[in-house]
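2 protein chains.
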Amino acid sequence: MGVDNVVYVGRKEVMTYVLAVVTQINEGSEEVILKARGRAISRAVDTAEIVKNRFLPDLKILDIETDTEKIEDEDGTSNVSTISITLGKGK
Amino acid sequence: MGVDNVVYVGRKEVMTYVLAVVTQINEGSEEVILKARGRAISRAVDTAEIVKNRFLPDLKILDIETDTEKIEDEDGTSNVSTISITLGKGK
């Protein structure tokens, strides 16, 4: 079981992240947390839905949290929304 | 208080949906449910975060649910992820 069971969802094909989750669960992780921000949030939700509908039907979405992060760049500060989706076998 | 306290988040500017939520709460709704699908999911999360961080700080995200809908078109059936975010004053 990996110490780090977080899968960061970015701009790659959704199946990249689906496979990362399935691999972690098959290697013995009890839970996997999908994290994304900005436009990748939709892809994190797609990943969770595809994993539980097509690959691991006994997995459930145990928790979904959202937050706001501040990003500093040369133009100043802007805000970006984030999401964390916890997938696991639950009780 | 409106019978229908659902705000459907689509392709418009995020502030359109922020204002819709703030208006519903100010008119007496106890809860407002943001619903979106596909790429608009990120915008629904932005809407919830902006409402609670900037406009109505005593509002909380009470629940977030995701699901998958089937869409039928001339090319056959495809799947789209959906999200429902319930905002309210909680207990």
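Quick mapping for you: the protein sequence lines, in order, are chains A and B.
Numbered according to the numbering used here, the first sequence spans residues 1 to 91.
Numbered according to the numbering used here, the second sequence spans residues 92 to 182.
Heads up, the beta-carbon is just placed ideally off N, CA and C, and yes, glycines get one too.
Check: Rounded C-beta distance between residue 59(A) and residue 52(A)? I'm assuming under 8 Å.
Finding: Their Cβ separation, rounded to whole angstroms, is 5 Å, which keeps residue 59(A) and residue 52(A) in contact under 8 Å.
Notebook entry, point to check: Which residue or residues does DSSP assign as beta-bridge partners of residue 164(B)?
Noted result: Paired residues: 167(B).
Margin query: So the candidates are 100(B), 168(B), 178(B); which of them puts its Cα closest to the Cα of residue 129(B)?
Written below: Closest option to residue 129(B), Cα to Cα, is 100(B).
Checklist line | Top-ranked residue by Cα proximity to residue 35(A), from 148(B), 123(B), 133(B), 121(B) | finding: Comparing C-alpha distances from residue 35(A) to each of 148(B), 123(B), 133(B), 121(B) shows the shortest one belongs to 133(B).
Margin query: Quick check: the Cα distance between residue 83(B) and residue 7(A), rounded to an integer number of angstroms?
Written below: Because residue 83(B) is not part of the residues shown, which for chain B are 92 to 182, the question remains open.
Notebook entry, point to check: What's the gap between the Cα of residue 31(A) and the Cα of residue 83(A)?
Noted result: Just so you know, the alpha carbons of residue 31(A) and residue 83(A) end up roughly 16 Å apart.
Next item on the list: Report the residue from 181(B), 102(B), 147(B) whose alpha carbon sits nearest the alpha carbon of residue 114(B).
Entry: Of the residues 181(B), 102(B), 147(B), the one whose Cα lies closest to the Cα of residue 114(B) is 147(B).
Next item on the list: Put residue 49(A) into one of helix, strand or coil per three-state DSSP.
Entry: Residue state, collapsed to three classes: helix.
Check: Rounded C-beta distance between residue 49(A) and residue 157(B)? I'm assuming under 8 Å.
Finding: Confirmed, Cβ separation roughly 6 Å.
Next item on the list: Would you kindly report the start and end of the unbroken alpha helix (DSSP H) that includes residue 19(A)?
Entry: That run of the alpha helix (DSSP H) goes 14–26.
Next item on the list: Determine the burial state of residue 71(A): buried for a count of at least 16 other Cβ atoms within 10 Å of its Cβ, exposed for fewer.
Entry: Looking at its Cβ environment, which holds fewer than 16 other Cβ atoms inside 10 Å, residue 71(A) is exposed.
Checklist line | Nearest-angstrom Cα separation, counted from residue 110(B) out to residue 117(B) | finding: Take the alpha-carbon of residue 117(B) and the one of residue 110(B): they are about 10 Å apart.
Note to self: Rounding to the nearest angstrom, what Cα-Cα distance links residue 120(B) and residue 28(A) in this structure?
What the structure shows: One C-alpha to the other measures close to 45 Å.
Item checked: Beta-carbon contacts of residue 169(B) that lie in its chain and below 7 Å, excluding the five residues immediately before and after -> Once the five neighbours on either side are set aside, the close Cβ partners of residue 169(B) are 162.
Margin query: Measuring straight from C-alpha to C-alpha, what distance separates residue 181(B) and residue 5(A)?
Written below: Residue 181(B) and residue 5(A) have their alpha carbons spaced roughly 31 Å apart.
Next item on the list: Note down, in chain order, all residues in the region 129–155 of chain B with a beta-carbon under 7 Å from any beta-carbon belonging to chain A.
Entry: From the region 129–155 of chain B, only 129, 130, 132, 133, 136, 137, 139, 140, 144, 152, 155 have a Cβ closer than 7 Å to chain A.
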